[in-house]
Amino acid sequence: LYDDFEPEIIEIESGEIKKNIATCIHVWETLSALGADRKSLLINLGGGVLTDLGGFVASTFKRGIHFVNVPTTLLSMVDASVGGKTGVDLGSLKNQIGVINQPEMVLIMSDFLKTLEERQIQSGFAEMLKHGLIQSKSYWEVLKETSVMAQIDELIYESVVIKNNVVLQDPTEQNTRKILNFGHTLGHAIESYFLDNRANQPLLHGEAIAIGMILEAYLSKELTGLSEEELVDIKTTFLKHYEKIEISDEDIKDILSLLKFDKKNAHGKINFVLLQSIGKPIIDVNVDDDLYARAFAYYAKN
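If you number the sequence shown the way the working numbering does, the last residue is 355 and the count never jumps.
Below you can see the structure in the form of structure tokens.
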């Protein structure tokens, strides 16, 4: 590569708080100042925030230039950089602005993970556990019993295969692809609330989604036939990896007020992805309001 051209480097600050239109404008203006054209290639080297934002920048600059994702976090390797979803937040509301556009390629090099703190590894691990819950009970069982870094290349490969197979069936998320949102309806609302509420420390994406998966597993037991045994298994597994977060009644009220912004909603109804059993999801489930408080109470219970 270096024999053929001299690449230009554009750096942005890390963190969900920078995943916004203002950062996009900075990158668009920099690309323009550097003379980028429709034959230019944008290489997104970084975590999930950067691959989401960089993909959106590339997809909209001059009505679209090619881009490549080089994910450097576990979350971006197994989730954010794969599948073509690009976008940014609107205030604290997650991923409200974006397009679906596939990168030319995704280059996954697990050596980048050696640079991460354990908390970042655990954030990505939540999405891997989700892949087991929505598609493969055997993969779920492997993840439960495995130190993720001990077999990291094999596990990343398995997660990418699971996600890619779902995406190929439904690239624009009209139907089947919605199953990838298990845990994300409440999880995104929790993440947005903790990002916007200065009294609380922001949660990493995987930390919020882990809470969302426990809550939505409880809803699954109440509504779609998930067994008590599998519910306990899910809660126990997540609490083994993720510290329980104290969520007050006032917090819950504010979190639930954010559900109306979820992208899966249709005709004013909040649509959930729930589980009939581990590995068997069901989409477009409506939930009675009284169940939310019971789900949060179940999460809080020892």
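Glycine included, each C-beta is placed from N, C-alpha and C at the ideal position.
Inset, instruction - Classify ALA348 as buried or exposed, calling it buried when 16 or more other Cβ atoms lie within 10 Å of its own Cβ. - result: buried
Legend entry - Proximity to ILE118 [Cα-Cα], best of ASN97, ILE150, SER129, ILE232: Nearest of ASN97, ILE150, SER129, ILE232 to ILE118, Cα basis: ASN97.
Inset, instruction - Answer with buried or exposed for GLY100, where buried requires no fewer than 16 other C-beta atoms within 10 angstroms of its C-beta. - result: buried
Inset, instruction - Spell out whether any CB of chain B is found under 8 angstroms from the CB atom of VAL219. - result: The structure shown contains no chain B; it is built from a single protein chain.
Legend entry - N-terminal and C-terminal residue of the alpha helix (DSSP H) that SER85 is part of: 74–86
Inset, instruction - Could you spell out where the beta strand (DSSP E) holding GLN149 opens and where it closes? - result: 146–153
Inset, instruction - Using three-state DSSP, classify LYS190 as helix, strand or coil. - result: Per DSSP, reduced to three states, the secondary structure at LYS190 is helical.
Legend entry - Nearest-angstrom Cα separation, counted from ILE267 out to VAL217: Looking at the sequence shown, residue 217 is not Val but Asn. Distance between the alpha carbons of ASN217 and ILE267 is about 24 angstroms.
Legend entry - ASN253: first and last residue of the uninterrupted beta strand (DSSP E) it sits in: Segment: none, ASN253 is in no beta strand (DSSP E) and carries neither H nor E.
Inset, instruction - With DSSP collapsed to three states, give me the class of MET266. - result: helix
Legend entry - Residue ranges of each alpha helix (DSSP H) within the stretch 194–234, 4 or longer: Residue ranges of uninterrupted alpha helix (DSSP H) with 4 or more members, entirely inside the stretch 194–234 and ordered along the chain, are 205–222.
Legend entry - Reduced DSSP secondary structure (H/G/I, E/B, other) of LEU54: With a pLDDT of 49 at LEU54, under the threshold of 50, the modelled position of that residue is not reliable, and the figure given next carries that caveat. Three-state DSSP puts LEU54 in coil, outside helix and strand.
Legend entry - Three-state secondary structure (DSSP) of MET158: strand
Inset, instruction - Evaluate contact between the stretch 252–272 and the stretch 233–242, counting only Cβ atoms and requiring at least three cross-stretch pairs below 8 angstroms. - result: yes
Legend entry - Cβ-based burial, ASN148 [other Cβ within 10 Å; buried from 16]: ASN148 is buried by the Cβ-count criterion.
Inset, instruction - Taking THR199 as the reference, give the member of HIS294, ILE215, LEU327, ASP302 with the closest Cα. - result: HIS294
Legend entry - With 16 other Cβ atoms within 10 Å as the buried cut-off, status of ASN357: Only positions 54 to 355 of the chain appear in this structure, which leaves residue 357 out of reach.
Inset, instruction - Would you be able to state if there are at least three C-beta pairs under 8 angstroms between the stretch 56–69 and the stretch 80–87? - result: yes
Legend entry - Sufficient close CB pairs (3 or more, under 8 angstroms) joining the stretch 127–146 to the stretch 203–223: yes
Inset, instruction - Look at the Cβ atom of PRO124, then the Cβ atom of VAL152, and state whether they are nearer than 8 angstroms. - result: No; because the gap between Cβ atoms is not below 8 angstroms, this pair is not in contact.
Legend entry - DSSP state of SER330 mapped onto helix, strand, coil: strand
Legend entry - Other residues of its chain near PHE291: CB distance less than 6 angstroms, five sequence neighbours each side excluded: So the list reads ALA263, ILE267, once near-sequence residues are dropped.
Inset, instruction - Can you have a look at MET181 and say buried or exposed, based on whether 16 or more other CB atoms are within 10 angstroms of its CB? - result: Flag for MET181 reads buried.
Legend entry - Whether TYR246 touches ASP304 by CB criterion (8 angstroms): For TYR246 and ASP304, yes; Cβs fall inside 8 angstroms.
Legend entry - Nearest-angstrom beta carbon gap, SER212 and GLU283 [assumed within contact, 8 angstroms]: Rounded, the Cβ-Cβ distance is 20 angstroms, inconsistent with contact.
Inset, instruction - Count the other CB atoms, across all protein chains shown, that sit within 10 Å of the CB of ILE287; report buried if there are 16 or more and exposed otherwise. - result: buried
Inset, instruction - Would you give the residue range spanned by the alpha helix (DSSP H) that LEU95 belongs to? - result: From DSSP, LEU95 is part of no alpha helix (DSSP H) but of the beta strand (DSSP E) over 94–99.
Legend entry - Own chain residues within Cβ distance below 6 angstroms of ILE298, not counting five before or after: none
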